[in-house]
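Since the structure comes first, as structure tokens, the remarks are kept for the end.
In our numbering, the protein residues as written are 2 to 326.
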């Protein structure tokens, strides 16, 4: 990664804490910063949703978010950030949880679901929505604990703190294509979280977007992708200090390439990435976007941008600095 010119990576904490710490140390030794995704700890005896690969692929095992334990989480955060301080490592950013506005990472959602995207009214009145809202409220308590620990860290107190990343669900109502699970729209999620004190806890918001890949290099297709991006970003992301909200990071975005040849044919994907980087540049110039991380999925080769022994043109475009002047 160092040879490829990577300066920052996004890394999710798993159960093997010593291995996680070792990986962060290795990245630090190569002058590569880490945006670290923490996962909170749960109350003893919390129920666990089993993974049912056949019936619900992508709906991962775990306890409901509503069973998060702020006190146990605080101890865990203190211990790990203390180890980073002792190792002389400052984080480049901190996140708490990942994509919990959708059923995949949030067992407060029912399985099977009704195949819909919930809105703000659902969080107040719908039985499933109220359960998800209960989890959101518990999440904010853990986020407050993480902020306090971050603020007292020796080296990472300046690391931007982000809430969980939002899945771009699209509009509220039935999914455009039938699904057996539910989600909550980014707009409804952020309205609820902000009404319950989110803006006092975080430095920026956190988005995921995987744009449509049709028509690389075609003007009409590019306009459609830009509009979809604007529909997500403009209602949520604002320059720092704005009453309407905070700036955003996009911590996952990307395109696939199914080519298995060496060298890989990257023409179509590089056109798409070049186009999107131009769109992101506009948002950065407007100060709506302050962080951008291209995501290459581990274990899914079609997302890889390091192929055949080197960084592809797509990868080079994706990690190039964005001029904001």
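Ideal Cβ placement from N, Cα and C applies to all residues, glycine included.
| Query | Result |
| --- | --- |
| Pull up the CB-CB distance for residue 166 and residue 291, whole angstroms please, since I reckon it's below 8 Å. | Between residue 291 and residue 166 the Cβ distance is about 15 Å, and since that is not below 8 Å, they are no contact. |
| Below 8 Å on the Cβ atoms is my guess for residue 255 versus residue 324; work out the distance and round it to an integer in Å. | That pair is no contact at about 21 Å. |
| Can you give the Cα-Cα distance for residue 118 and residue 160, rounded to whole angstroms? | 33 Å |
| Taking the alpha carbon of residue 67 as the point to measure from, which residue in 85, 107 and 57 has its own alpha carbon closest? | 107 |
| What separation, rounded to the nearest whole angstrom, lies between the Cα atoms of residue 55 and residue 61? | 12 Å |
| Could you check which residue in 21, 131, 114 and 270 has the C-alpha nearest to that of residue 190? | 131 |
| Taking just the CA atoms, how far does residue 112 sit from residue 50? | 10 Å |
| Label residue 164 either buried or exposed according to how many other C-beta atoms from any shown protein chain fall within 10 Å of its C-beta, with 16 as the threshold for buried. | buried |
| Looking at the structure shown, is residue 208 part of a helix, part of a strand, or coil, going by DSSP? | strand |
| Tell me, please, which residues DSSP counts as bridged to residue 250. | 207 and 292 |
| Among the candidates 227, 116, 223 and 200, whose CA atom is the shortest distance from the CA of residue 179? | 116 |
| Can you tell me whether DSSP reads residue 166 as helix, strand or coil? | strand |
| Tell me where the alpha helix (DSSP H) around residue 316 begins and ends. | 314-319 |
| Between which two residues does the beta strand (DSSP E) carrying residue 101 extend? | From DSSP, residue 101 is part of no beta strand (DSSP E); its letter is neither H nor E. |
| Count Cβ pairs between the stretch 184-199 and the stretch 94-105 that sit closer than 8 Å; are there 3 or more? | yes |
| To the nearest angstrom, how far is the alpha carbon of residue 152 from that of residue 197? | 20 Å |
| Alpha helix (DSSP H) containing residue 76: first to last residue? | 71-87 |
| Here's the rule I'm using: 16 or more other beta-carbon atoms within 10 Å means buried, otherwise exposed. How should residue 249 be labelled? | buried |
| According to DSSP, is residue 1 helix, strand or coil? | Given a span of 2 to 326 for the chain in the structure shown, any question on residue 1 remains unanswerable. |
| Under a three-way DSSP split, which group does residue 279 fall into? | helix |
| Rounded to whole angstroms, what's the CA-CA distance from residue 219 to residue 260? Just pull it up for me. | 21 Å |
| If you count every other CB in all the chains shown that lies within 10 Å of the CB of residue 207, and 16 or more means buried, which is it? | buried |
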